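Numbering-wise (the numbering used here), the sequence shown opens with residue 448 and increments by one. Heads up, the beta-carbon is just placed ideally off N, CA and C, and yes, glycines get one too. A quick note: this is a predicted structure, and the numbers were derived from the prediction, not measured. The structure appears right after this line, and notes come after that.
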Amino acid sequence: MASATQDVPSQFDMLGFLHEAGGLSYAILIVLVAMSLACWFITLTRIWDQRKINKEYAEARKKFWTSGNLHDGIAALGGRENVFRMLAEDGIRAKQYHQGHLTAEMPLSDWLAIALQRSMESVTARLQMGLAILATTGSVSPFIGLLGTVWGILNALTRISLSGQPSLDQIAGPIGEALVMTAIGLFVAVPAVMGYNWLIRRNKAIQEQMRLFTADLHSCLVGGARFDTSTPVTRTTAPRATSIAKTA
């Protein structure tokens, strides 16, 4: 009697689920596990990229604007993978191209605004890579798990109809399979949705950092000075423009 009562709960654990699962249930489980692994990989890699850009922004604020000219500021930003170094180099190249080709056709300010916006969008596109997978996983994985649930209940009903004598021993396995598939679907969906929302919010903060940097860079390339907001506004003083040498 004791052994019989111990066998029924064992059908609700993971080993019991794998023993009772059919081909469709295995396929659903593999799909959910693959989606979960993809979501965790995307979330962790995007967090790493965002953390790196935040550090680069702090470095740019500390080193770039304290340099004597833009070229020295670029050299102080480290490797070429630095996002803000890339923005500065793209701005300088756009200015040089304008001086050689578009002097009469388009104002320098408009040309630089277009070039810097295009550079920011390339960084934003890189940060958003994979976010569609997170959104899709968060949306569809509960329904994929529900499909497994429906299939488990169908198996339970089939066993009852074939046996003619319904009992807990005959339906415990399929019902356990159904409950496990529901739980797995939610386990995949919840981190995907939370990760998507969190990454979107952090991306918006990084976009604001790039916007502030490119606005200052635009001022330097056009007018040779950056508007300095570090000095508080009083009756006798006002925010000043920090001079920086123009580049060719």
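Beta-carbon spacing of Val669, Leu555 below 7 Å: Position 222 of the sequence shown holds residue 669. Position 108 of the sequence shown holds residue 555. Contact flag set, yes.
Please determine if the region 483-500 and the region 635-647 are in contact, where contact requires at least 3 C-beta pairs separated by less than 8 Å. yes
Roughly how many angstroms lie between the CA atoms of Gly592 and Ala522, to the nearest whole one? For this step, residue 592 is matched to residue 145 along the sequence shown. For this step, residue 522 is matched to residue 75 along the sequence shown. Straight-line Cα distance between these residues: approximately 53 Å.
Report yes or no: do the region 475-486 and the region 499-510 share at least 3 C-beta pairs separated by less than 8 Å? no
Whole-angstrom C-beta distance between Ala625 and Gly585, which should lie under 8 Å: The count along the sequence shown starts at 1 and reaches residue 585 at position 138. The count along the sequence shown starts at 1 and reaches residue 625 at position 178. Rounded, the Cβ-Cβ distance is 22 Å, inconsistent with contact.
Between Ile653 and Ala535, what straight-line distance do the alpha-carbon atoms span, to the nearest angstrom? In the sequence shown, counting from the first residue as 1, residue 653 sits at position 206. In the sequence shown, counting from the first residue as 1, residue 535 sits at position 88. Taking the straight line joining both Cα atoms gives about 16 Å.
Comparing alpha-carbon positions, which option in Thr571, Gly538, Cys486, Ser569 lies nearest Trp558? Taking the sequence shown and counting its residues from 1, one reaches residue 558 at position 111. The candidate whose alpha carbon is nearest that of Trp558 is Gly538.
Through-space distance from Gln575 to Asp663, alpha-carbon basis: On the sequence shown, position 216 is the one that residue 663 refers to. On the sequence shown, position 128 is the one that residue 575 refers to. C-alpha separation (whole angstroms): 25 Å.
For Cys486, which of Ala582, Arg527, Ile500, His665 has the nearest alpha-carbon? Residue numbering aside, residue 486 sits at position 39 when the sequence shown is read from its first letter. The residue with the shortest Cα to Cα distance from Cys486 is Ala582.
If you compare alpha carbons, which of Glu568, Tyr544, Gln543 is closest to Glu655? On the sequence shown, position 208 is the one that residue 655 refers to. Among Glu568, Tyr544, Gln543, the Cα nearest to that of Glu655 is on Glu568.
Arg498, enclosing alpha helix (DSSP H) - first and last residue: What you label residue 498 is simply residue 51 of the sequence shown in a count that begins at 1. Residues 470-506.
Can you name the start and end residues of the alpha helix (DSSP H) that Gly515 belongs to? In the sequence shown, residue 515 corresponds to position 68, counting from 1. Unbroken run through Gly515: none, as it is neither H nor E.
Just to confirm, are Gln497 and Arg649 a CB contact at a threshold of 7 Å? Working through the sequence shown from its first residue, we reach residue 497 at position 50. Working through the sequence shown from its first residue, we reach residue 649 at position 202. In contact: Gln497 and Arg649 (Cβ atoms closer than 7 Å).
Anyone know if the C-beta pair for Thr596 and Thr629 falls short of 7 Å? Residue mapping note: residue 596 aligns to position 149 of the sequence shown, counting from 1. Residue mapping note: residue 629 aligns to position 182 of the sequence shown, counting from 1. Contact: yes.
Is Met553 helix, strand or coil by DSSP? To locate residue 553, count along the sequence shown from 1; it is residue 106. Here Met553 sits in coil by DSSP.
Is it buried or exposed, Leu659, if we count other Cβ atoms within 10 angstroms and call 16 or more buried? Translated into positions along the sequence shown, residue 659 becomes position 212. By the 10 Å Cβ count, Leu659 comes out exposed.
What is the rounded straight-line gap between the Cα of Leu578 and the Cα of Ile607? On the sequence shown, position 131 is the one that residue 578 refers to. On the sequence shown, position 160 is the one that residue 607 refers to. In a straight line, the C-alpha of Leu578 is about 44 Å away from that of Ile607.
CB contact flag (Val478, Ile500, <7 Å): For this step, residue 478 is matched to residue 31 along the sequence shown. For this step, residue 500 is matched to residue 53 along the sequence shown. Not in contact: Val478 and Ile500 (Cβ atoms no closer than 7 Å).
Hey, how far is the Cα of Gly697 from the Cα of Tyr473? Examination of residue 697 is not possible in this model, given that the chain is present from 448 through 695 alone.
Own chain residues within Cβ distance below 8 Å of Glu528, not counting five before or after: The residue labelled residue 528 in the question sits at position 81 within the sequence shown. Cβ within range, chain order: n/a, list empty.
Candidates Asn516, Ile580, Ala572, of which the one nearest Tyr643 by Cα: As a first step, residue 643 must be located in the sequence shown, where it is residue number 196. Selected option, being the one with the closest Cα: Ile580.
Mapping DSSP to helix, strand and coil, what is Arg649? Residue 649 sits at position 202 when you count from the first residue of the sequence shown. Helix, per DSSP.
Assigned exposure category for Glu503 - 16 Cβ within 10 Å defines buried: Here residue 503 refers to the residue found at position 56 when the sequence shown is read from its first residue. Classification for Glu503: buried.
Note down, in chain order, each residue of its chain lying with its Cβ closer than 8 Å to the Cβ of His665, except the 5 sequence neighbours on either side. The sequence position of residue 665 within the sequence shown is 218, counting from 1. Taken in chain order, the residues that qualify are Gly538, Ser556, Leu559, Ala560, Leu563.
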